[in-house]
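Reviewing the structure listed below.
Chains as they are written, first to last, in our numbering: chain A, 1 to 479; chain B, 1 to 363.
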């Protein structure tokens, strides 16, 4: 392993780009690591080489962050998959602090590791989808997945599309679908118009976001798209692919069947906490911030020394708040490392703190629109698959709960829920909520212990070429 | 009777005592079988078992495979299959022959076979294998199911199971200071795995226990690549493919942790070494993706033999644990300890801790 970086930033969304840029501008040796081919994250996703995408506000903001990043001289490693995090305070070392260690696969599939004196996680979010009959049919995709398809390459998920779920992504996706020539058969929104109205005062601080949301809605009205408020998808039907979905009011009553060849659905976003859980950092359950989030101070320090978290992975506050959070965290890390004086830190921090507070207010209102709705979990029929990797139904989970599973780890052991390639990312929310109904809440249910690898990792790439004699086989066990 | 520690050994002891009519309290600071008993590699093998324990392991093997019969239908998906212990170098071959001979003398049906024959038994095996120890009586279990398998039987037998009920100490006459208040018992069994050292201390006994931080790796589901339990001469590989297609890679490679904080971090060097050894043995594993690695705490006494028997100088107090490859022998060890506690002659001898205490005093 080469000499340690001052800072490693994991995730090149708006928080990661801003943090790496600022740290490099202050002279720190920084490496920015990202799974995608280019920095940007989901909101500012760059077009792949050879594609020309229309310029919109998100893309312009992304381009500005990308330019600043490049100019800063921060080392960028794109297309890499970090599967291992370790070192740091986890390793007992006596007096000298041990650097963090990151293990990854390069863009070319070669294993590498690196060391860093501080680590800033900007890993963003993952999508929450609460299962319903038919949710595993081809043609049913996540709202966030749909934005990636549309943003990255202008690919439509289908010709006649139903958009359903919660939060601003609903209208963003519906508007993008219309802009790309798809037919939007309906928008099915869990929220009432009243809930949206109540979110408006917080959004007033960000007239740009408000205007954008209004424009999305206007396009739907213009195209005569029906919006079902306070309604949910009860069922997706089809044989090999999706044919139709059924919509029902949350208050009950008859269902409406809508023919469609694609359903884009999302029930909010959840902070990605694989790495902080793997580090055994303290977490707390904050439904208004997306669920379990790491416990952080005002400078985004976690409970683990020199480990910081910024952006939506620190708790949902939106893409507009993310750069400020990244900059605040980066400055604090530099101060802790002795690379920035107390006075310089204070002066540099102030404007970012103000920017964060302003943007976080609007982001917080949107995050609350995306909070988990327990009634969706309550409505899951017994034979509906919760964990698609391991084929675990709601009934199987309820049976394990009847048999005394008390925590998420135990539920996982009893049922294999979350043991497949999605590593609990897809099934975890519904399973946890089912457990929470029995044990009195999500805090009591807890969360599955973080495990490496952070993502499934191909053995062939990990192994590389080796000789048997080079394997450091430990001393034989006693006979 | 209060049994402190609801792993395999505590559960088996409690179950057998309760069925004999004793009023049993089984306590654990966490959920049932969530530590070593629930996160180990589930290997039911003679070729990684210490020779002195083979007679116990053979009996326990039958118990695991027929768990439903004696545990009210509870099961750990116990699977019988052949086991191979492989040598890739001349040095390993010599070690393998020596170890197979000693284990054979102890009653394990292990024969040495050529590399060619080994590949007939295990077509997935690398051509680099020189010879192998072959034991037709081998197999594996899904250790994560252990708690679920024991729980109903314990409750049916009338055991008062208290999960999430940490014991903080024991006062004279066995008053237990627990997270659910003070509980009185006439007798105690300490079955706390790596935490036995602290537990023995409650009774004024100094019993050093070493903690191993075993690291395990599992792949996502894949098409069948192997059908045996596979190890290497040194014992530092344990490899098997479950019916669901996942391949479990273990063998006692060490991660980072301690018994205060538990297993806290995967050691990347151990991770890589372990999976390289696995892929050397079964080349098709290169096609797999790893989905999870985890750590399990294993306890070991100074002589790496079990601590099972009465606690010297403390009437009505017993200890059970610290068996190398303890999962394999676990249910049988609980049964013989229960026999001894009930005043019967155990089918096979216990492993009293006097020897370990004497060593400690001499040191």
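Note that beta-carbon positions come from the ideal geometry of N, C-alpha and C, so glycine has one too.
Treat the numbers as computed from the prediction; the structure is a model and nothing was measured.
Looking only at DSSP bridge pairs, what is residue i linked to?
{"i": "residue 196 of chain A", "result": "Paired residues: none, contrary to the question."}
{"i": "residue 250 of chain B", "result": "B:238"}
{"i": "residue 120 of chain A", "result": "A:9, A:308"}
{"i": "residue 283 of chain A", "result": "A:294"}
{"i": "residue 299 of chain B", "result": "B:211"}
{"i": "residue 235 of chain A", "result": "A:246"}
{"i": "residue 4 of chain B", "result": "B:27, B:190"}
{"i": "residue 176 of chain B", "result": "B:170, B:183"}
{"i": "residue 101 of chain A", "result": "A:86, A:115"}
Assuming residue i and residue j make a contact with CB atoms under 8 Å, what is their CB distance in whole Å?
{"i": "residue 328 of chain A", "j": "residue 164 of chain A", "result": "That belief does not hold up - the Cβ atoms of residue 328 of chain A and residue 164 of chain A are roughly 36 Å apart, past 8 Å."}
{"i": "residue 99 of chain A", "j": "residue 87 of chain A", "result": "6 Å"}
{"i": "residue 229 of chain A", "j": "residue 191 of chain A", "result": "7 Å"}
{"i": "residue 203 of chain A", "j": "residue 209 of chain A", "result": "6 Å"}
{"i": "residue 45 of chain B", "j": "residue 229 of chain B", "result": "5 Å"}
{"i": "residue 6 of chain B", "j": "residue 331 of chain B", "result": "Not quite, the Cβ-Cβ distance comes to about 13 Å (not below 8 Å), so this is no contact."}
{"i": "residue 309 of chain B", "j": "residue 353 of chain B", "result": "6 Å"}
{"i": "residue 289 of chain B", "j": "residue 133 of chain A", "result": "About 29 Å separates the two Cβ atoms, so there is no contact after all."}
{"i": "residue 195 of chain B", "j": "residue 39 of chain B", "result": "Between residue 39 of chain B and residue 195 of chain B the Cβ distance is about 15 Å, and since that is not below 8 Å, they are no contact."}
{"i": "residue 293 of chain A", "j": "residue 302 of chain A", "result": "Actually they do not touch by this definition, with Cβ atoms about 10 Å apart."}
{"i": "residue 365 of chain A", "j": "residue 199 of chain A", "result": "4 Å"}
{"i": "residue 262 of chain B", "j": "residue 216 of chain B", "result": "Wrong, their Cβ atoms sit about 14 Å apart, outside the cutoff."}
For the alpha helix (DSSP H) containing residue i, name the first residue and the last one.
{"i": "residue 11 of chain B", "result": "8-19"}
{"i": "residue 275 of chain B", "result": "268-281"}
{"i": "residue 176 of chain A", "result": "168-179"}
{"i": "residue 409 of chain A", "result": "408-415"}
{"i": "residue 72 of chain A", "result": "57-72"}
{"i": "residue 328 of chain A", "result": "322-337"}
{"i": "residue 140 of chain B", "result": "Element bounds for residue 140 of chain B: not the alpha helix (DSSP H) but the beta strand (DSSP E), 131-140."}
{"i": "residue 207 of chain A", "result": "207-222"}
{"i": "residue 95 of chain B", "result": "90-105"}
{"i": "residue 385 of chain A", "result": "Premise fails: residue 385 of chain A lies in the beta strand (DSSP E), 385-387, not in any alpha helix (DSSP H)."}
{"i": "residue 397 of chain A", "result": "394-402"}
{"i": "residue 25 of chain A", "result": "14-25"}
Could you please give the first and the last residue of the uninterrupted beta strand (DSSP E) stretch that includes residue i?
{"i": "residue 189 of chain A", "result": "183-189"}
{"i": "residue 163 of chain B", "result": "Premise fails: residue 163 of chain B is in no beta strand (DSSP E) and is neither H nor E."}
{"i": "residue 262 of chain B", "result": "262-265"}
{"i": "residue 367 of chain B", "result": "Any question about residue 367 of chain B goes unanswered here, given that chain B covers just 1 to 363."}
{"i": "residue 46 of chain B", "result": "Note, residue 46 of chain B: premise wrong, no beta strand (DSSP E); not H, not E."}
{"i": "residue 210 of chain B", "result": "210-219"}
{"i": "residue 257 of chain A", "result": "252-259"}
{"i": "residue 191 of chain B", "result": "First-last for residue 191 of chain B: undefined, no H or E at that position."}
{"i": "residue 263 of chain A", "result": "262-266"}
{"i": "residue 111 of chain B", "result": "111-114"}
{"i": "residue 78 of chain A", "result": "75-78"}
{"i": "residue 319 of chain A", "result": "Counting along the chain, residue 319 of chain A falls outside any beta strand (DSSP E), and DSSP gives it neither H nor E."}
{"i": "residue 271 of chain A", "result": "269-271"}
{"i": "residue 452 of chain A", "result": "Premise fails: residue 452 of chain A is in no beta strand (DSSP E) and is neither H nor E."}
Segment contact flag, the stretch 275-292 of chain A with the stretch 240-249 of chain A, C-beta cutoff 8 Å, min 3 pairs: Judged by Cβ distances under 8 Å, the stretch 275-292 of chain A makes no contact with the stretch 240-249 of chain A, as fewer than three pairs qualify.
Chain B contacts made by the stretch 446-471 of chain A, where a contact means CB separation under 7 Å: The residues in question are 451, 452, 453, 456, 457, 458, 459, 460, 462, 463, 466, 468, 471.
Segment contact flag, the stretch 22-39 of chain B with the stretch 153-169 of chain B, C-beta cutoff 8 Å, min 3 pairs: A contact exists between the stretch 22-39 of chain B and the stretch 153-169 of chain B.
Cβ pair count under 8 Å reaching 3, the stretch 278-288 of chain B against the stretch 12-27 of chain B: By the Cβ test, the stretch 278-288 of chain B is not in contact with the stretch 12-27 of chain B, since fewer than three Cβ pairs between them sit closer than 8 Å.
Members of the stretch 147-160 of chain B that neighbour chain A once the beta carbon cut-off is set at 8 Å: If you check each beta-carbon in the stretch 147-160 of chain B against every beta-carbon of chain A, the ones closer than 8 Å belong to 147, 148, 151, 152.
The stretch 333-346 of chain A touching the stretch 369-380 of chain A, judged by at least three CB pairs closer than 8 Å: Cβ pair count under 8 Å is below three, so no.
The stretch 266-275 of chain A in contact with the stretch 306-319 of chain A per 3-pair CB rule at 8 Å: Yes: the two stretches touch, three or more of their Cβ pairs being nearer than 8 Å.
Segment contact flag, the stretch 115-132 of chain A with the stretch 9-23 of chain A, C-beta cutoff 8 Å, min 3 pairs: Counting Cβ pairs under 8 Å, three or more are found: they touch.
Residues within the stretch 81-97 of chain B neighbouring chain A, beta-carbon criterion of under 8 Å: Considering only beta carbons, the part of the stretch 81-97 of chain B lying closer than 8 Å to chain A consists of 88, 89, 95, in chain order.
Meets three-Cβ-pair contact criterion under 8 Å: the stretch 231-244 of chain B and the stretch 299-309 of chain B: Taking a contact to require three or more Cβ pairs closer than 8 Å, the stretch 231-244 of chain B and the stretch 299-309 of chain B do not qualify as touching.
Members of the stretch 101-115 of chain A that neighbour chain B once the beta carbon cut-off is set at 9 Å: The residues in question are 101, 103, 111, 113.
Cβ pair count under 8 Å reaching 3, the stretch 8-15 of chain A against the stretch 37-53 of chain A: Yes, they touch.
The stretch 11-20 of chain B touching the stretch 140-158 of chain B, judged by at least three CB pairs closer than 8 Å: Verdict: yes, contact present.
Selection of the stretch 261-285 of chain A by Cβ proximity to chain B, strictly under 9 Å: Residues 278, 279, 280.
The stretch 126-141 of chain B contacting the stretch 42-57 of chain B, beta-carbon criterion three pairs below 8 Å: Short answer: they touch.
Near-chain A residues of the stretch 159-184 of chain B (beta-carbon distance less than 8 Å), N- to C-terminal order: Answer in chain order: 163, 164.
Members of the stretch 286-311 of chain B that neighbour chain A once the beta carbon cut-off is set at 8 Å: Taking 8 Å as the Cβ-Cβ cut-off, the stretch 286-311 of chain B approaches chain A at 286, 287, 288, 289, 290, 291, 292, 293, 294, 304, given in chain order.
Segment contact flag, the stretch 153-164 of chain A with the stretch 176-192 of chain A, C-beta cutoff 8 Å, min 3 pairs: Between the stretch 153-164 of chain A and the stretch 176-192 of chain A there are three or more inter-stretch CB-CB distances shorter than 8 Å, so the stretches are counted as touching.
Near-chain B residues of the stretch 418-434 of chain A - C-beta to any C-beta below 8 Å: Residues 419, 420, 421, 423.
Positions along the stretch 70-89 of chain A whose CB lies within less than 7 Å of some CB in chain B: Per Cβ criterion, the list reads 84, 86.
Cβ contact check for the stretch 255-263 of chain B and the stretch 96-109 of chain B: 3 or more pairs under 8 Å: Contact between the stretch 255-263 of chain B and the stretch 96-109 of chain B is absent, because fewer than three Cβ pairs lie under 8 Å.
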